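In what follows, a structure is listed as structure tokens, so that the remarks can point back to it.
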Amino acid sequence: MSTSTQVALVAITAGVSCALVGVFLVLRRMAMMADAISHSVLPGLVAGYVLAKGPNVLVGFLGATAAGLATVVLVELLTKSRRVKEDAAIGLVFPVLFSIGVLVVSKYYANVHIDTDAVLYGEIAFAPFDTLTVAGMDLGPQSLWVLGVLALLNAAFLFLFYKELKLSTFDAGLATTLGFLPTLIHYLLMGMVAVTTVGAFSAVGAILAVALIIVPPVTASLMTDRLPALIAFSILIGGSCGLGGYLLSVYWDVSPAGMIATTLGGVFTAVLFAAPTKGLAAQALRRRRQRSQFSTEMLVVHLAAHEHTPDQDRECTLLHLEQELGWTQEKAIWTVKRAVQSGMINFRDGAMTLTPKGSELARVSVAR
Amino acid sequence: MSLVRDLFTDYTLRNVALGSVVLGIVSGVLGCFAVLRRQGLMGDALAHAALPGVCLAYMITGSKSSLTLIIGAGIAGWIGMLAILAIGRRTKIDQGSALGIVLTVFFGLGVVLLTVIQKGNDPNQAGLDKFLFGQAAALTAEHVTTMSTIGGIGLLFVALLFKEFKVLSFDPEFAGTIGLPVASLGKLLTGLLVLAIVIGLNTVGVILMSAMLIAPASAARQWTHSLGRMVLYSAVIGSASGLTGAIWSVLVPGIPTGPAIVICLGIAVAVSLILGSAQGLAWQSRRRKARRLEDPA
Amino acid sequence: MSQEPVAMPAVFVRDLTVAYDEKPVLWDVDLDIPSGTLTAIVGPNGAGKSTLIKSILGLVHAAAGTVRIFGEPHGRDHKVVGYVPQRGSVDWDFPTDALDVVTMGLYGELGWIRRPGRKERNRALECLDQVGMADFARRQISQLSGGQQQRVFLARALAQDARLYFMDEPFAGVDATTEVAIVDILKSLRSQGKTVVVVHHDLETVPTYFDRVALLNVRLMASGPVSDVFTPEHLQKTYGGKIAFLKS
Chain A
1 MSTSTQVALV AITAGVSCAL VGVFLVLRRM AMMADAISHS VLPGLVAGYV LAKGPNVLVG
61 FLGATAAGLA TVVLVELLTK SRRVKEDAAI GLVFPVLFSI GVLVVSKYYA NVHIDTDAVL
121 YGEIAFAPFD TLTVAGMDLG PQSLWVLGVL ALLNAAFLFL FYKELKLSTF DAGLATTLGF
181 LPTLIHYLLM GMVAVTTVGA FSAVGAILAV ALIIVPPVTA SLMTDRLPAL IAFSILIGGS
241 CGLGGYLLSV YWDVSPAGMI ATTLGGVFTA VLFAAPTKGL AAQALRRRRQ RSQFSTEMLV
301 VHLAAHEHTP DQDRECTLLH LEQELGWTQE KAIWTVKRAV QSGMINFRDG AMTLTPKGSE
361 LARVSVAR
Chain B
1001 MSLVRDLFTD YTLRNVALGS VVLGIVSGVL GCFAVLRRQG LMGDALAHAA LPGVCLAYMI
1061 TGSKSSLTLI IGAGIAGWIG MLAILAIGRR TKIDQGSALG IVLTVFFGLG VVLLTVIQKG
1121 NDPNQAGLDK FLFGQAAALT AEHVTTMSTI GGIGLLFVAL LFKEFKVLSF DPEFAGTIGL
1181 PVASLGKLLT GLLVLAIVIG LNTVGVILMS AMLIAPASAA RQWTHSLGRM VLYSAVIGSA
1241 SGLTGAIWSV LVPGIPTGPA IVICLGIAVA VSLILGSAQG LAWQSRRRKA RRLEDPA
Chain C
2001 MSQEPVAMPA VFVRDLTVAY DEKPVLWDVD LDIPSGTLTA IVGPNGAGKS TLIKSILGLV
2061 HAAAGTVRIF GEPHGRDHKV VGYVPQRGSV DWDFPTDALD VVTMGLYGEL GWIRRPGRKE
2121 RNRALECLDQ VGMADFARRQ ISQLSGGQQQ RVFLARALAQ DARLYFMDEP FAGVDATTEV
2181 AIVDILKSLR SQGKTVVVVH HDLETVPTYF DRVALLNVRL MASGPVSDVF TPEHLQKTYG
2241 GKIAFLKS
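Written out as structure tokens, the structure reads:
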């Protein structure tokens, strides 16, 4: 397998594993917590380094995960004290923890393996050179293995706890009543986010791991309302942006992590505009259609209310529409034209009368 | 002490001191409104979003003057803000997710641009990545002047429109009924936030700027129940922490400024949470007893 | 103007239609509220009661319709209308005390930039006294009970010294003492010739507290004096069988 294929695989796997864990995080509206957890990876790694007195992948992992969970707990403690609101708590905890990590590294470990730049951007290009050797056999890039295992773990987590996750996300009260232990699920999910961030950061760095966690599920949420489809689209977007971003970064010779994040942004923007029901273009079209429908309904209801009354001659004129309904002349003319075209009203000598079809529409609208 | 004398006589230390005090005051004051309007994390997102602006400003003008870079940062921050607001208004995506998207995507773009710049082998460009963590030691008199001017404008707005900002932050609906242009005022106040952010970028850096906005205000809140005093205390805490952290990072080589300041801020917040006279945890039982005595059943 | 003018209604609403996402929340509402009256707006949840108030105040955009306040389109004179929003619309942890909140009622009068001075503080203190909260002037608002918070909001509205007041569920979640105090204030406002419009949630107290009532459920079902309009038939039409009791 060529080097660049290996790197590409790492990128794809990073995308997939992050997207998997991101789905429920986004559904729970905890996207910024992912940002906080990913920043705490650094002090966690540092703590692991200190404890193990040297580089040790497993201890580092454990330290980072513990730091991630500690972040969540600290934020919750601050919020529960009611002296700090949740968003402020997040914005306090992660910078402080991150700074402690940077401080320790700069002071004591300046020449050593932990590199703050790498934490931020990752070093995906070096992935093929950091290989996993087991029993004397070279099994390929370490990060590919780590991310691959994570992807499987996350998928298994989603699969095993699917209904617990789903219920505790949308109806925590019911979940507790049914004994689904939403608190446990919550911390398990947070733990998975921490572990996945650690795994991904060697590829794309902490901040851009957050991009892979958040952006695919949010993008997918613009495409579908159904949970299984949401998960599928998230994986698809995560994996393909990982690959596409990496390829573009090679082509243009720029930062792979940055390019992956930029690609995610591009895909999000495209979906934002073009998505079939929720996209901006579709929304604009629907709004226009509904507005004309709405105006027509208002017109026939208004006419129905005032026809066969002594005011009829006055109330059923174009000018009166502008006055009473507060419509501009343009809107009034346009609505009347459309109503005539669809056979709802007759417009003769400046006066409007309802057709049977129009009366029917008025009756139906009022009954609603 | 010779340090105090050096603060006045030594060029670097003097600028560091002045710059961090200005920064502390401006972020302390504007941070109060950000925190009260739950816009603290927006500050985080906008700070990260400023990175591509800084890079593009350099790429287009070739200049690293603080004004140029600040303008670039400001424009990028402003665009980020518009994007966040647009996403919130036109979709059902919640604000946290919108912040996360803008934060990571803009930052990613900034990182791409950084690598483009770095490839250029232009000796001039070294130092743009100092925007990530800040470097107070690089503050020049020019920086300080720019920071003070821009910061001064922000503070002037707050001084003039204090009661308007107060009622806007507390009860925007009511504010609308007494004739305040709520939407425009809100954009102005958030825009001032962008101002505070661009001032802090070369001192605290992009990544930790949110703490600069949130921490002084959060600490100050524990000492008072009045907005006016909160703003004042926040300015004091912000500048004290900024000053201490910046001096520390200059005197002890190897420590970037941002983390140094944030650690000082963290200590200030922790102390305030425990000892703060208005809400501090240490006085909780005493307050409860007092309230039970004075309130009728 | 004609010789003997019909007294101009405080509030004049015609064909008011408001929609969120093109779904009607208020549909073709015609409403007159005479000045010097106490009017209740009642209806089931989601009936659009708060929306009605907000659109009259110009806080919400209307798809169609006309609104006049004392004959003028709103926005002409903000000092004419006072507003007491729902208690839940505000974060009570905000660093401010009761006196400060009431002083905000005078901001409209002060205009841009001017700071409140001793005269304003004294006025605010008087209003606090009117609602029985003078002793709590310096109390931080999160340390107030629900009823006390409601009274502070009311005092703020009194400070506005408006001709017309809109209140959104002022009786929700308050203790009995506060409820009595609020009713007294409403009646005293009416005796001063002011107009008060209240979104009210408790049907039982409508006949005792209010002169007029408007029954709303997206469309205006009926409005007028309580004795004429507050009938089982109208209530049935408004609530569609959702109410447990019918007043005889």
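Residue numbers (this note's numbering), protein chains in the order written: chain A, 1 to 368; chain B, 1001 to 1297; chain C, 2001 to 2248. Beta carbons are placed, not taken as given, at the ideal position from N, Cα and C, and that holds for glycine. Keep in mind the model is a prediction, meaning the values are calculated, not measured.
Taking DSSP as the reference, what is the three-state secondary structure of B/ILE1255? As a working mapping, residue 1255 of chain B is identified with position 255 in the second sequence. B/ILE1255 falls in the coil class under three-state DSSP.
Would you report the Cα separation of B/ALA1141 and B/THR1244, rounded to the nearest angstrom? What you label residue 1141 of chain B is simply residue 141 of the second sequence in a count that begins at 1. What you label residue 1244 of chain B is simply residue 244 of the second sequence in a count that begins at 1. Approximately 19 Å, taken between the alpha carbons.
Can you find the residues in the same chain that come closer than 7 Å, C-beta to C-beta, to A/GLY239, ignoring five residues on each side of it along the sequence? By one-based count along the first sequence, residue 239 of chain A stands at place 239. For A/GLY239, where only same-chain residues beyond five positions count, the Cβ hits under 7 Å are ILE12, GLY15 and VAL16.
Contacting positions in the segment 1032-1057 of chain B - beta carbon closer than 7 Å to chain A: VAL1035, ARG1038, GLY1040, LEU1041 and ASP1044
Quick check: is the beta carbon of A/LYS85 nearer than 9 Å to any beta carbon in chain C? For this step, residue 85 of chain A is matched to residue 85 along the first sequence. Taking Cβ atoms only, chain C reaches closer than 9 Å to A/LYS85, which makes this a yes.
Cβ-based neighbour list, B/THR1146, same chain, cut-off 7 Å, excluding 5 preceding and 5 following: Stepping through the second sequence from its first residue, residue 1146 of chain B is reached at position 146. If we look at B/THR1146 and ignore the five residues flanking it on each side, its Cβ neighbours are SER1066, LEU1067 and ILE1070.
Residue range of the unbroken alpha helix (DSSP H) whose run includes B/ILE1087: To locate residue 1087 of chain B, count along the second sequence from 1; it is residue 87. Per DSSP, B/ILE1087 belongs to the alpha helix (DSSP H) from 1066-1090.
9 Å Cβ cutoff met for B/ALA1111 and B/ALA1049: By one-based count along the second sequence, residue 1111 of chain B stands at place 111. By one-based count along the second sequence, residue 1049 of chain B stands at place 49. Sequence inspection shows Val at residue 1111 of chain B; the Ala mentioned does not correspond to that position. Result no, Cβ atoms of B/VAL1111 and B/ALA1049 do not sit closer than 9 Å.
Proximity of A/GLY91 and B/ASP1094 at Cβ, strictly below 9 Å: Taking the first residue of the first sequence as 1, we reach residue 91 of chain A at position 91. Taking the first residue of the second sequence as 1, we reach residue 1094 of chain B at position 94. No, the pair does not count as a contact, with Cβ atoms beyond the cut-off.
Less than 9 Å between CB atoms is the rule here; does B/HIS1225 satisfy it with respect to chain C? Residue numbering aside, residue 1225 of chain B sits at position 225 when the second sequence is read from its first letter. For B/HIS1225, the answer is yes, since a Cβ of chain C falls inside 9 Å of its Cβ.
Quick one: which residues of the segment 275-288 of chain A get their C-beta closer than 8 Å to a C-beta of chain B? List them in chain order. LYS278, LEU280 and GLN283
Between which two residues does the alpha helix (DSSP H) holding B/ILE1153 run? Sequence index remark: in the second sequence, residue 1153 of chain B carries index 153 (1-based). That run of the alpha helix (DSSP H) goes 1141-1160.
Could you name the residues of the same chain whose beta carbon sits closer than 6 Å to that of A/ALA200, not counting the 5 residues immediately before and after it, in chain order? If you number the first sequence from 1, residue 200 of chain A lands on position 200. Excluding sequence neighbours, A/ALA200 sits near ALA14, CYS18 and ALA209.
Do you know offhand how far C/LYS2247's Cα is from C/GLU2169's? Taking the third sequence and counting its residues from 1, one reaches residue 2247 of chain C at position 247. Taking the third sequence and counting its residues from 1, one reaches residue 2169 of chain C at position 169. Below a pLDDT of 50, predicted positions are generally treated as unreliable, and C/LYS2247, at 46, falls in that range; the measurement from the model is reported next regardless. Cα to Cα, the separation comes out at about 21 Å.
Run down chain A in chain order and give the residues with a C-beta less than 9 Å from the C-beta of C/ALA2222. As a working mapping, residue 2222 of chain C is identified with position 222 in the third sequence. Within chain A, no residue comes near C/ALA2222; the closest Cβ sits about 15 Å away, beyond 9 Å.
At 4 residues or longer, what runs of the alpha helix (DSSP H) sit wholly inside the segment 2092-2161 of chain C? 2098-2104, 2107-2110, 2118-2130 and 2146-2160
Which residue wins for smallest C-alpha separation from B/ALA1159, given the options B/LEU1192, B/GLY1134 and B/VAL1144? The count along the second sequence starts at 1 and reaches residue 1159 of chain B at position 159. The shortest Cα separation from B/ALA1159 among B/LEU1192, B/GLY1134 and B/VAL1144 belongs to B/LEU1192.
Where C/ASP2097 meets chain B, residues with beta-carbon distance less than 9 Å: Here residue 2097 of chain C corresponds to residue number 97 of the third sequence, with the count starting at 1. Within chain B, the residues near C/ASP2097 are HIS1225 and SER1226.
Cβ closer than 7 Å: which chain B residues qualify as neighbours of A/THR262? Along the first sequence, read from residue 1 onward, the residue named residue 262 of chain A stands at position 262. Those within 7 Å of A/THR262 in chain B are VAL1105, GLY1108, LEU1109 and VAL1112.
Limits of the unbroken beta strand (DSSP E) element including A/MET352: Translated into the one-based positions of the first sequence, residue 352 of chain A becomes position 352. Where A/MET352 is concerned, the enclosing beta strand (DSSP E) stretches over 351-354.
Spatial neighbours of C/ALA2222 in its chain, beta-carbon cut-off 6 Å, leaving aside the 5 residues before and after: The residue you call residue 2222 of chain C lines up with position 222 of the third sequence. Cβ neighbours of C/ALA2222 beyond the five flanking positions: LEU2215, VAL2229 and HIS2234.
Taking 9 Å as the CB-CB limit, is C/THR2195 close to chain A? In the third sequence, counting from the first residue as 1, residue 2195 of chain C sits at position 195. Closer than 9 Å: no.
For C/ARG2123, go through chain B and note every residue whose CB falls closer than 9 Å to its CB, in chain order. Start at 1 with the first residue of the third sequence, and residue 2123 of chain C comes out as number 123. Those within 9 Å of C/ARG2123 in chain B number zero; the least Cβ separation is about 15 Å.
Could you compute how far the alpha carbon of A/GLY205 sits from the alpha carbon of A/SER143? By 1-based counting over the first sequence, the position of residue 205 of chain A is 205. By 1-based counting over the first sequence, the position of residue 143 of chain A is 143. Cα to Cα, the separation comes out at about 12 Å.
Between A/THR296 and A/ALA332, is the Cβ-Cβ spacing less than 9 Å? Along the first sequence, read from residue 1 onward, the residue named residue 296 of chain A stands at position 296. Along the first sequence, read from residue 1 onward, the residue named residue 332 of chain A stands at position 332. No.
DSSP puts C/ILE2041 in a beta bridge; with which residues? Position 41 of the third sequence, counted from the first residue, corresponds to residue 2041 of chain C. DSSP lists C/VAL2199 and C/ALA2214 as partners of C/ILE2041.
Suppose the cutoff is 6 Å on Cβ atoms and the five residues either side in sequence are ignored; what does the same chain contact list for B/PHE1133 look like? Mapped onto the second sequence, residue 1133 of chain B falls at position 133. Excluding positions up to five away in sequence, the list reads GLY1205, PRO1256 and GLY1258.
By DSSP, does C/SER2248 sit in helix, in strand, or in coil? By 1-based counting over the third sequence, the position of residue 2248 of chain C is 248. Reliability of the predicted coordinates at C/SER2248 is poor, the pLDDT of 40 falling under 50, and the value obtained from them is presented with this limitation in mind. Here C/SER2248 sits in coil by DSSP.
If you compare alpha carbons, which of A/MET344, A/ARG348 and A/VAL300 is closest to A/LEU325? The residue labelled residue 325 of chain A in the question sits at position 325 within the first sequence. Among A/MET344, A/ARG348 and A/VAL300, the Cα nearest to that of A/LEU325 belongs to A/VAL300.
I'd like to know if C/LEU2052 contacts chain B, where contact means its C-beta is closer than 9 Å to some C-beta of that chain. Residue 2052 of chain C sits at position 52 when you count from the first residue of the third sequence. By this cut-off, C/LEU2052 is not an interface position.
9 Å Cβ cutoff met for B/VAL1026 and B/GLY1151: As a position in the second sequence, residue 1026 of chain B is number 26, starting the count at 1. As a position in the second sequence, residue 1151 of chain B is number 151, starting the count at 1. Yes, Cβ-Cβ distance for B/VAL1026 and B/GLY1151 is below 9 Å.
Mark A/SER221 as exposed unless 16 or more other C-beta atoms lie within 10 angstroms of its C-beta, in which case mark it buried. The sequence position of residue 221 of chain A within the first sequence is 221, counting from 1. Buried, by the Cβ-count rule.
Just to make sure I have the definition right: I need the residues of chain B whose C-beta is within less than 7 Å of the C-beta of A/PRO95. Which are they? Position 95 of the first sequence, counted from the first residue, corresponds to residue 95 of chain A. The answer, in chain order, is LEU1208, SER1210, ALA1211 and VAL1262.
Tell me which residues share the same chain as C/ASN2217 and place their Cβ nearer than 7 Å to its Cβ, disregarding the 5 neighbours each side in the sequence. For the purposes of this step, residue 2217 of chain C is taken as residue 217 along the third sequence, with counting starting at 1. Closer than 7 Å at Cβ, skipping near neighbours: GLY2043, PRO2044, ALA2047 and THR2238.
B/THR1115: which of A/GLY258, A/TYR246, A/LYS166 and A/ALA274 sits nearest, CA to CA? Along the second sequence, read from residue 1 onward, the residue named residue 1115 of chain B stands at position 115. Checked all of A/GLY258, A/TYR246, A/LYS166 and A/ALA274; the closest Cα to B/THR1115 is A/GLY258.
CB contact check: C/ALA2063 to chain A, cutoff 9 Å: For the purposes of this step, residue 2063 of chain C is taken as the residue at position 63 of the third sequence. Taking Cβ atoms only, chain A reaches closer than 9 Å to C/ALA2063, which makes this a yes.
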